[in-house]
Structures are given as C-alpha cells and as structure tokens.
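Colleague: Quick one: this structure, given as structure tokens, is what I'll be asking you about.
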Amino acid sequence: MSYYIFSDVSLDIDSSFAKENDIRYVPMEYVLGEDTFCCAAPESDEMMHNFYEKLRNKITTHTSQITPNNYIELFESYVKDGAEIIYLSLSSGLSNTYESALMAVQTLKEEYGEAKIEVVDSLGATGGMGLMVESAVTNRKAGMSYKENAQWLREHANNINFFFKVEDLMYLKRGGRVSAATAIMGTALNIKPILTIDKQGKLQTIDKKRGNKMALKSLVDRFDSGFDPALSKVVYISCADCREDAETLKNMVLECRPEAEVRITMLSPIIGAHTGPDMLSLIYYGGIREF
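Listed below in structure tokens is the structure:
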C-alpha cells in the first residue's frame with residue numbers, strides 16, 4: 127500500500143525516521159530581522175542554534191501564513207497523477223493553515239473532479255505532530271488505507287498531551303498569551319508558566335512554578351500520571367536550544383518510566399518564533415486531554 131504522508135514543516139520529528147519513511151513537508155516562511163526565509167524541511171540543529179542565538183540578541187522574528195494557493199501549487203501534480211495523500215496540519219486553534227488546506231483541496235476537486243487528499247487537523251504542534259506522523263507511518267505499514275489512517279489520527283489527536291514551559295515571557299506577551307504586567311512581574315520573580323494545548327487545539331496557561339527545577343518537576347509529574355505506552359512508547363522533548371535542560375528532563379522521564387522511547391528535537395523556527403529561546407516541551411500519548 128502506497129500513499130504520501132505530508133506535514134507542515136512546523137513539526138518536530140526524528141530526522142532519520144522521517145527520511146526512512148519518505149515524510150514530505152509543506153514549506154512555511156519566517157522573517158528574522160530584515161530577511162525572509164523559506165523553511166522547506168526541518169532545519170539542522172546548528173542552524174537552529176544560530177536562530178535562537180539571534181533571538182537572544184534581540185533580533186525580531188515572526189511567521190507568515192500558508193495560503194490556499196501555496197497548497198494548490200504543492201498538491202496539484204499529485205492530484206493529476208491520482209496519488210493519495212494524508213496531510214497533517216498545524217492546529218486550527220493556533221493557525222489558519224488547516225482552513226487554507228481545506229479551501230485548496232476543494233478548489234482542486236472542482237478543477238479535476240477528484241482529489242484524494244485527507245486533511246487532518248493535528249490539534250497540536252511541534253513534537254505532537256511528530257508523534258502523529260509516526261503513528262501514520264505505523265498505520266500505513268499495518269495496511270490502513272489513507273482514509274482509514276486519517277480517521278484514526280483524528281480520533282486520537284486528543285490523546286496527545288502537551289506540557290511545556292517558557293523562559294522569556296515577553297514572547298507570550300507579544301502573542302497576546304499573557305498580559306504585559308504578568309510578563310514583567312513573572313520575569314522579575316523567575317516565574318515559569320506551564321502551558322498546554324487544550325482539546326480545541328489552543329494554547330492555555332495551566333500553572334506557574336518558581337524556578338526551573340520546580341517547572342521540570344511539574345512537567346514530569348503530569349507525564350508520569352498520564353503516559354499511555356499502549357498507544358505509543360515514543361515521547362518527544364522539543365527544546366528551543368536548551369539541550370542541557372532537555373537531557374535533564376529525559377533522565378527524569380526515564381527514571382519514572384524506563385519503557386519510554388525519548389526523542390529530543392530542536393524546536394522549529396516556525397514555533398520558536400512565538401515561544402522564544404529555551405522553551406522546553408514534553409509530549410506523549412496518554413488519556414484524553416484534561417483541558
């Protein structure tokens with residue numbers, strides 16, 4: 127059985143796994159300073175280190191949306207060939223990419239009469255999309271059709287749990303996630319907000335911890351009580367150039383759940399532009415999201 131698995135390049139995924147299984151990407155653009163970059167595939171760790179170093183040096187960054195026309199240009203040749211595609215988008219609660227993709231597929235259907243593309247709203251981002259892509263590959267190998275696979279992914283999207291901490295509250299303030307007063311006070315008091323992605327795929331602050339040690343413990347406590355290895359043993363730790371913290375978190379995860387298969391990845395510039403350097407996330411399959 128052969129069909130293509132696509133994802134936004136905003137995902138974080140083990141590079142060797144992606145290469146071995148022919149994962150394909152929808153490019154996205156980001157602006158750094160006065161320069162615009164097209165991210166066509168996950169960037170190298172070295173490139174991402176340089177990206178976050180520039181953010182630490184106060185160079186501004188932002189991203190731009192994928193338009194329906196971008197999707198049409200990318201998928202049109204596949205539609206002409208009659209190829210089957212699963213496309214996994216960044217959460218509709220965080221971006222308009224999902225709606226843009228649906229519009230593009232409808233246009234292609236009107237133009238060609240048929241477009242064998244299943245658009246799946248990940249209701250997540252970063253390593254959560256990586257987990258879903260890994261599941262899509264497993265399901266494809268097990269013989270699921272592209273439609274069956276897409277439906278499985280939709281049914282299990284809310285089983286992926288996201289918990290993360292941010293270092294620089296000003297990035298969340300700029301995105302409207304916290305108030306200016308909260309950002310200033312939190313920075314002064316070394317407050318680390320704990321955030322999640324809720325059932326609607328939106329960002330939500332659920333807790334605050336003082337200091338890095340307490341923040342990491344909060345992440346691991348939530349993981350230990352909710353991890354479900356029956357769905358997948360793979361756990362993603364996506365970090366914004368804070369490898370030492372990521373390794374510490376990995377050791378804490380393995381101490382309480384040694385069966386976990388932990389993958390550490392660098393956070394993509396598409397998401398990192400909105401969280402800033404030193405963001406750290408813990409992402410895994412578990413029960414239906416609490417929030």
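Note that the sequence shown covers residues 127 to 417 in the numbering used here.
Positions of the beta carbon are idealized from the N, C-alpha and C atoms, including for glycine.
In this structure, does DSSP put Y362 in helix, strand or coil?
Modeller: Counting from one through the sequence shown, the residue named residue 362 turns up at place 236. The answer is strand: DSSP assigns Y362 an E or B state.
Colleague: Checking 8 Å against the spacing of the C-beta atoms, do E244 and Y204 come in under that value?
Modeller: The count along the sequence shown starts at 1 and reaches residue 244 at position 118. The count along the sequence shown starts at 1 and reaches residue 204 at position 78. No, Cβ-Cβ distance for E244 and Y204 is not below 8 Å.
Colleague: Is G337 buried or exposed, if buried means 16 or more other CB atoms sit within 10 Å of its CB?
Modeller: What you label residue 337 is simply residue 211 of the sequence shown in a count that begins at 1. The residue is exposed, with fewer than 16 neighbouring Cβ atoms inside 10 Å.
Colleague: Look at the Cβ atom of L216, then the Cβ atom of S248, and state whether they are nearer than 8 Å.
Modeller: Taking the first residue of the sequence shown as 1, we reach residue 216 at position 90. Taking the first residue of the sequence shown as 1, we reach residue 248 at position 122. The answer is yes: Cβ separation under 8 Å.
Colleague: Just list the beta strand (DSSP E) runs in the segment 134-184, keeping only unbroken ones of 3 residues or longer that don't cross its boundaries, in chain order.
Modeller: Entirely contained in the segment 134-184, the beta strand (DSSP E) runs reaching 3 residues are, in chain order, 150-152, 154-158 and 161-165.
Colleague: Suppose contacts are defined by Cβ-Cβ distances below 8 Å. Is A262 in contact with I131 by that definition?
Modeller: By one-based count along the sequence shown, residue 262 stands at place 136. By one-based count along the sequence shown, residue 131 stands at place 5. Their beta carbons are under 8 Å apart, which means A262 touches I131 by this criterion.
Colleague: Please classify D333: does DSSP put it in a helix, a strand, or coil?
Modeller: Locating residue 333 in the sequence shown gives position 207, counting from the first residue. Correct three-state label for D333: strand.
Colleague: Going by beta carbon distance, what residues of the same chain come within less than 6 Å of M258, once the five residues before and after it are set aside?
Modeller: Along the sequence shown, one-based indexing puts residue 258 at 132. Once the five neighbours on either side are set aside, the close Cβ partners of M258 are L214, S248 and L279.
Colleague: Give the secondary structure of I286 by DSSP, where H, G and I count as helix, E and B as strand, and everything else as coil.
Modeller: Taking the first residue of the sequence shown as position 1, residue 286 is located at position 160. Looking at I286 - three-state DSSP - the assignment turns out to be strand.
Colleague: Return the chain-ordered list of same chain residues with a C-beta closer than 7 Å to the C-beta of N265, the five sequence neighbours on each side being excluded.
Modeller: Counting from 1 along the sequence shown, the entry for residue 265 is found at position 139. Answer for N265: N275 and W278, listed in chain order.
Colleague: Taking 6 Å as the limit between beta carbons, can you name the residues of its chain near S190, skipping five residues before and five after?
Modeller: Translated into the one-based positions of the sequence shown, residue 190 becomes position 64. Excluding residues within five positions, the ones whose Cβ falls inside 6 Å are E155.
Colleague: Quickly, what does DSSP pair E387 with across the bridge? List them, please.
Modeller: The sequence position of residue 387 within the sequence shown is 261, counting from 1. Partner(s): V360.
Colleague: Name the DSSP beta bridge partners of E353, please?
Modeller: Reading the sequence shown from its first residue, position 227 is the one you call residue 353. Strictly speaking, residue 353 in this sequence is Phe, with Glu absent from that position. G412, per the DSSP bridge assignment.
Colleague: Could you tell me whether any Cβ in chain C is nearer than 8 Å to the Cβ of E260?
Modeller: Chain labels in this structure do not include chain C; a single protein chain is all it has.
Colleague: What beta strand (DSSP E) runs, 3 residues minimum, are completely inside the segment 200-264?
Modeller: Listed in chain order, they are 211-215 and 243-247.
Colleague: Go ahead and pull the three-state DSSP assignment for T392.
Modeller: The residue given as residue 392 occupies position 266 in the sequence shown. Inspection of the sequence shows that residue 392 is occupied by Met rather than by Thr. Reduced to three states, the DSSP call for M392 is strand.
Colleague: Helix, strand or coil for Y197? Go by DSSP, reduced to three states.
Modeller: Residue mapping note: residue 197 aligns to position 71 of the sequence shown, counting from 1. Reduced to three states, the DSSP call for Y197 is helix.
Colleague: Go ahead and label H188 buried or exposed: buried means 16 or more other beta carbons lie within 10 angstroms of its beta carbon, across all protein chains shown.
Modeller: Stepping through the sequence shown from its first residue, residue 188 is reached at position 62. Exposed, by the Cβ-count rule.
Colleague: So which of K334, L220 and K325 has the shortest CA-CA distance to N284?
Modeller: If you number the sequence shown from 1, residue 284 lands on position 158. The shortest Cα separation from N284 among K334, L220 and K325 belongs to K325.
Colleague: Kindly indicate which residue of N147, Y411, E381 and D367 has the alpha-carbon position closest to the one of S170.
Modeller: As a working note, residue 170 is residue 44 in the sequence shown. For S170, the nearest C-alpha among the options comes from D367.
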